[in-house]
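Quick note on our numbering: the sequence shown kicks off at 216 and runs consecutively.
Backbone N, C-alpha and C fix where the C-beta goes; we use that ideal spot for every residue, glycine too.
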Amino acid sequence: EDPETTEDDSPVCVGREEDIKKSQRMTAIVHDREIVIFYHKGEYHAMDIRCYHSGGPLHLGEIEDFDGQACIVCPWHKYKITLTTGEGLYQSINPKDPSAVPKWRSKGIKQRIHTVTVKNGYIYVTLNKTSGLKCDSDFYATGQFKVIKRSS
Ligand code: FES
Numbered sequence: 216e217d218p219e220t221t222e223d224d225s226p227v228c229v230g231r232e233e234d235i236k237k238s239q240r241m242t243a244i245v246h247d248r249e250i251v252i253f254y255h256k257g258e259y260h261a262m263d264i265r266c267y268h269s270g271g272p273l274h275l276g277e278i279e280d281f282d283g284q285a286c287i288v289c290p291w292h293k294y295k296i297t298l299t300t301g302e303g304l305y306q307s308i309n310p311k312d313p314s315a316v317p318k319w320r321s322k323g324i325k326q327r328i329h330t331v332t333v334k335n336g337y338i339y340v341t342l343n344k345t346s347g348l349k350c351d352s353d354f355y356a357t358g359q360f361k362v363i364k365r366s367s
């Protein structure tokens, strides 16, 4: 057995491509982690379902573009998270020049992004936990904060 491979690394089938193309989003539990998958402008994006800020339900948010980047806007406090990288975006204001147009900046990767693959019309999600990088959203991805309860 390859010691580098754990069960958590295996792709999990979360549904049919046909269905997510209609609904534009779906939720899934992937190896005990709650995930939201978005279908946006022909691409799939998966991330932890609970917002890194305070655990808001990202699957209920709207997708909007900020500074040319598609973001999910958390329904709780309107934090913006890029779909492709999980970066938190904010607008910075120069205190020395309050009249200047605020600039969009990144706080860095805050929300854990997962890998989506499509095979024979089915969507698979592979957890991205191997990077060693800690994400703020990890806090809400486990334990008592889970929003979706298992049916079994
Ligand atoms: Fe998402 Fe506060 S919980 S913005």
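Counting along the chain, Asp282 sits inside no beta strand (DSSP E), nor does DSSP assign it H or E at all.
With 5 Å as the limit, the residues whose C-beta approaches any heavy atom of ligand 1 more closely are Cys266, His268, Ser269, Gly271, Cys289, Trp291, His292, Tyr294, in sequence along the chain. Secondary structure at Ile308: coil, using DSSP grouped into helix, strand and coil. Taking the CA atoms as reference points, Ile252 sits about 39 Å from Ser314. Look at Lys236 here: in three-state DSSP terms it is helix. Residue range 328 to 334 is occupied by the beta strand (DSSP E) that includes Val333.
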